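>
Residue numbers (the numbering used here): 499 to 890.
1. Could you check how far apart the C-beta atoms of residue 773 and residue 718 are, in whole angstroms? I think they sit under 8 Å.
2. Assuming residue 698 contacts residue 815 under a Cβ cut-off of 8 Å, what Cβ separation, rounded to an integer in Å, is found between them?
3. Run the proximity test for residue 536: is its beta-carbon closer than 8 Å to any non-hydrogen atom belonging to the ligand MN?
4. On the criterion of 16 or more Cβ atoms from any shown chain inside 10 Å, does residue 810 qualify as buried, or is it exposed?
5. For residue 757 and residue 739, which I take to be in contact (beta-carbon distance under 8 Å), what is that distance rounded to the nearest angstrom?
6. Is it buried or exposed, residue 650, if we count other Cβ atoms within 10 angstroms and call 16 or more buried?
7. Locate the beta strand (DSSP E) running through residue 748, then write down its first and last residues.
8. Inspect the CB distances between the region 558-565 and the region 618-626 and report whether three or more fall short of 8 Å.
9. For residue 786 and residue 726, what's the separation of their Cα atoms in angstroms?
10. In this structure, what does DSSP give as the bridge partners for residue 863?
11. Please give the ranges of any alpha helix (DSSP H) in the region 503-529, keeping only runs that are unbroken, at least 4 residues long and fully inside the region.
12. When the distance is taken between beta carbons, is residue 524 closer than 9 Å to residue 550?
13. Note down, in chain order, each residue of its chain lying with its Cβ closer than 8 Å to the Cβ of residue 596, except the 5 sequence neighbours on either side.
14. Using the Cα positions of residue 573 and residue 632, report the straight-line distance between them to the nearest angstrom.
15. Rounded to whole angstroms, what's the CA-CA distance from residue 624 to residue 559? Just pull it up for me.
16. Go ahead and pull the three-state DSSP assignment for residue 648.
17. Verify whether the separation of the beta carbon atoms of residue 858 and residue 851 is less than 9 Å.
18. Can you tell which of 606, 847, 853 and 874 has its C-alpha closest to the C-alpha of residue 474?
19. Look at the alpha carbon of residue 700 and the alpha carbon of residue 688, and state the distance between them as a whole number of angstroms.
20. From residue 801 to residue 602, what does the alpha carbon distance come to, in whole angstroms?
21. Could you tell me the alpha carbon to alpha carbon distance between residue 875 and residue 812, rounded to whole angstroms?
22. Quick one: using the 10 Å Cβ neighbour count with 16 as the cut-off for buried, is residue 685 buried or exposed?
23. What does the alpha-carbon distance come out to for the pair residue 530 and residue 522?
24. For residue 711, I'd like the list of residues in its chain whose CB is within less than 6 Å of its CB, leaving aside the five on either flank, ordered along the chain.
25. By the three-class DSSP mapping on this structure, what secondary structure does residue 729 have?
26. Please list the terminal residues of the continuous beta strand (DSSP E) segment that includes residue 844.
27. Just mark residue 641 as buried or exposed, buried being the case when its beta carbon has 16 or more other beta carbons within 10 Å.
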């Protein structure tokens with residue numbers, strides 16, 4: 499299982515067995531299939547979760563939810579004391595189910611970065627559904643290999659489970675309720691998109707110029723997560739369709755004044771973000787690129803990128819640069835002004851970029867390593883304008 503605060507901070511369950519657990523969350527987008535939740539129900543059947551443990555379960559989809567309800571599996575989980583939530587991201591991203599302060603939460607999810615759960619000082623662990631279910635019954639971390647030994651009655655017998663998957667997983671009526679077929683082309687123009695006051699137009703970046711002359715608005719270390727860049731939780735996510743509003747939260751958990759500085763810099767050439775290794779790890783959250791783009795970020799210069807976040811930066815027209823010499827990061831300070839010249843020529847050529855401090859105090863070399871399509875996307879200002887340019 500993974501300890502706090504990273505999915506790769508892995509230890510054997512037995513190493514921390516016996517640690518008290520306050521909350522158990524199962525489901526969301528990971529380990530939330532019918533088979534996974536039927537396994538959980540098999541372990542919970544006829545038992546009740548430990549006192550002072552809060553068990554939350556998110557079925558992975560409406561289809562899974564319906565199947566669990568139809569065969570009685572849902573009733574087993576409810577009878578054991580579980581709270582059944584909507585099929586959604588939910589507790590994984592801090593939308594409900596935030597643990598208590600300093601509490602221990604074990605989850606069958608795939609990410610446990612600090613503060614992502616909605617509680618900054620929570621201790622969030624990751625494990626498979628069997629460990630989660632047994633820990634909910636015991637009130638502490640349990641190694642399944644030890645569950646058949648002398649334990650409190652709740653987990654004294656761990657019987658092998660046989661799961662029979664339903665054969666009617668795709669009946670036509672339910673599928674018709676889940677999918678909306680596109681209208682014929684002659685009727686598309688009549689469609690009215692209803693937008694409330696909190697839904698704004700998606701911002702689109704202009705084509706990249708030949709020079710970036712911008713301030714280093716923040717300098718970061720390694721392993722910056724998309725949750726660091728764009729915090730999650732119930733306070734922030736309601737603005738997901740309102741980019742101007744959600745942009746005010748960029749880096750608030752790291753540097754609360756970042757958004758203000760970025761807004762001030764927008765009229766002066768925009769901003770640059772500097773970071774070390776594995777910048778942008780974690781969820782593939784487009785807002786972690788879209789909101790910085792709205793704030794005028796022109797380039798991100800790092801030692802290395804997390805793959806998916808780099809792709810999102812490209813899709814929103816932010817130039818992703820990597821130090822040719824990693825030690826050059828030591829030259830830069832927050833507040834410095836950097837100039838990147840001959841951008842369009844470099845994008846079309848060897849993709850080597852010369853970056854200099856505006857007063858010529860230092861300079862260094864970066865590379866972009868873009869493929870042909872990625873370079874075209876950057877030149878156009880992002881994927882939306884690029885798509886428009888090729889589709890007419």
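Just so you know, even glycine gets a beta-carbon here, dropped at the ideal spot from N, CA and C. None of these values were measured; they are calculated from a predicted model.
Looking at the atomic coordinates:
1. Numbered from 1 along the chain shown, position 275 holds the residue referred to as residue 773. Numbered from 1 along the chain shown, position 220 holds the residue referred to as residue 718. The Cβ separation is near 4 Å, so the contact holds.
2. What you label residue 698 is simply residue 200 of the chain shown in a count that begins at 1. What you label residue 815 is simply residue 317 of the chain shown in a count that begins at 1. Incorrect: roughly 18 Å between the Cβ atoms, too far for contact.
3. Annotation note on the ligand MN: not contained in the displayed structure, which lists no ligands.
4. As a working note, residue 810 is residue 312 in the chain shown. Note on residue 810: 16 or more other CB atoms within 10 angstroms of its CB, so buried under the neighbour-count rule.
5. Sequence index remark: in the chain shown, residue 757 carries index 259 (1-based). Sequence index remark: in the chain shown, residue 739 carries index 241 (1-based). Taking the Cβ atoms as the reference, residue 757 lies roughly 18 Å from residue 739, outside the contact range of under 8 Å.
6. Indexing the chain shown from 1 puts residue 650 at position 152. For residue 650, the predicted model reports a pLDDT of 42, less than 50, meaning its position is unreliable; a value from the coordinates is still stated below. Looking at its Cβ environment, which holds fewer than 16 other Cβ atoms inside 10 Å, residue 650 is exposed.
7. Sequence index remark: in the chain shown, residue 748 carries index 250 (1-based). Per DSSP, residue 748 belongs to no beta strand (DSSP E) and is neither H nor E.
8. The count of Cβ pairs closer than 8 Å, one atom from the region 558-565 and one from the region 618-626, stays below three, leaving the stretches out of contact.
9. Within the chain shown, the letter at position 288 stands for residue 786. Within the chain shown, the letter at position 228 stands for residue 726. Between residue 786 and residue 726, the C-alpha separation is close to 9 Å.
10. Your numbering for residue 863 matches position 365 in the chain shown. Paired residues: 852.
11. Counting only runs of 4 or more, we get 511-514.
12. Taking the chain shown and counting its residues from 1, one reaches residue 550 at position 52. Taking the chain shown and counting its residues from 1, one reaches residue 524 at position 26. Taking 9 Å as the cut-off, the beta carbon of residue 550 is found no closer than this to the beta carbon of residue 524.
13. As a position in the chain shown, residue 596 is number 98, starting the count at 1. Close CB contacts of residue 596 within its chain, under the 8 Å cut and outside five residues either way in sequence, are with 589, 615, 616, 617, 620, 731 and 732 (chain order).
14. Here residue 573 refers to the residue found at position 75 of the chain shown. Here residue 632 refers to the residue found at position 134 of the chain shown. Roughly 18 Å separates the two Cα atoms.
15. Translated into positions along the chain shown, residue 624 becomes position 126. Translated into positions along the chain shown, residue 559 becomes position 61. Taking the CA atoms as reference points, residue 624 sits about 21 Å from residue 559.
16. Start at 1 with the first residue of the chain shown, and residue 648 comes out as number 150. With a pLDDT of 44 at residue 648, under the threshold of 50, the predicted position of this residue should be treated as unreliable, though the coordinate-derived value follows. Reduced to three states, the DSSP call for residue 648 is coil.
17. Looking up residue 858 in the chain shown gives position 360. Looking up residue 851 in the chain shown gives position 353. In this structure, the beta-carbon distance from residue 858 to residue 851 does not fall below 9 Å.
18. As displayed, the chain neither begins before 499 nor continues past 890, which places residue 474 out of reach and without an answer.
19. Locating residue 700 in the chain shown gives position 202, where the first residue counts as 1. Locating residue 688 in the chain shown gives position 190, where the first residue counts as 1. Take the alpha-carbon of residue 700 and the one of residue 688: they are about 21 Å apart.
20. Taking the first residue of the chain shown as position 1, residue 801 is located at position 303. Taking the first residue of the chain shown as position 1, residue 602 is located at position 104. Distance between the alpha carbons of residue 801 and residue 602 is about 34 Å.
21. Here residue 875 refers to the residue found at position 377 of the chain shown. Here residue 812 refers to the residue found at position 314 of the chain shown. As the crow flies, the alpha-carbon of residue 875 is around 7 Å from that of residue 812.
22. Locating residue 685 in the chain shown gives position 187, counting from the first residue. Exposed, since its Cβ has fewer than 16 Cβ neighbours within 10 Å.
23. Position 32 of the chain shown holds residue 530. Position 24 of the chain shown holds residue 522. About 14 Å.
24. Numbered from its first residue, the chain shown carries residue 711 at position 213. Closer than 6 Å at the Cβ level, and outside the excluded window around residue 711, lie 767 and 837.
25. Here residue 729 refers to the residue found at position 231 when the chain shown is read from its first residue. Three-state result, residue 729: coil.
26. What you label residue 844 is simply residue 346 of the chain shown in a count that begins at 1. Taken as a continuous stretch (DSSP letters only), residue 844 belongs to no beta strand (DSSP E), being part of the alpha helix (DSSP H) at 841-846.
27. Your numbering for residue 641 matches position 143 in the chain shown. By the 16-neighbour rule on beta-carbons within 10 angstroms, residue 641 is buried.
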